[in-house]
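Residue numbers (the numbering used here): 7 to 81. Cβ atoms here follow ideal geometry from the backbone N, Cα and C, with glycine treated the same way. What you are looking at is a predicted structure, and each value in this text was computed from that prediction instead of being measured.
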Amino acid sequence: GTAGTDGASALAVDGDAVVVAGTENGRAVLRRFEIGAAGVLTAGAVRDVGDLDGGTVAGVAFDGAGGVVLAGVSR
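Set out below in structure tokens:
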């Protein structure tokens, strides 16, 4: 986390991949995890999508072609 307000807003699962979308210090952030043996999560890529300027993250989904779709509002 950061020194600001952080929180998870959405989660998507596709096979053994999990993506969590949220807000960290006012910025939209995607975090990817892999589900391993016995359900243990391993942290992977992190993407800072940018400043939300007071907006929110509304949802996240896999697009079926290897990509991730992020929904939300920036102001």
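Cα-Cα separation, residue i to residue j
| i | j | result |
| --- | --- | --- |
| Ala14 | Ala44 | 24 Å |
| Leu58 | Val46 | 31 Å |
| Asp22 | Arg81 | 34 Å |
| Gly28 | Ala64 | 9 Å |
| Gly61 | Thr48 | 29 Å |
Residues of its chain near residue i, where Cβ-Cβ distance is below 6 Å and the 5 sequence neighbours each way are ignored
| i | result |
| --- | --- |
| Ala18 | Val25, Val66, Ala67, Phe68 |
Terminal residues of the beta strand (DSSP E) in which residue i lies
| i | result |
| --- | --- |
| Ala33 | Here residue 33 is Arg; the residue named in the question, Ala, does not match the sequence. Note, Arg33: beta strand (DSSP E), 33 to 41. |
| Gly28 | 23 to 30 |
| Arg53 | 47 to 57 |
| Thr62 | 62 to 68 |
Cβ shell of residue i (< 8 Å), same chain only, five flanking positions each side left out
| i | result |
| --- | --- |
| Gly10 | Glu30, Asn31, Gly32 |
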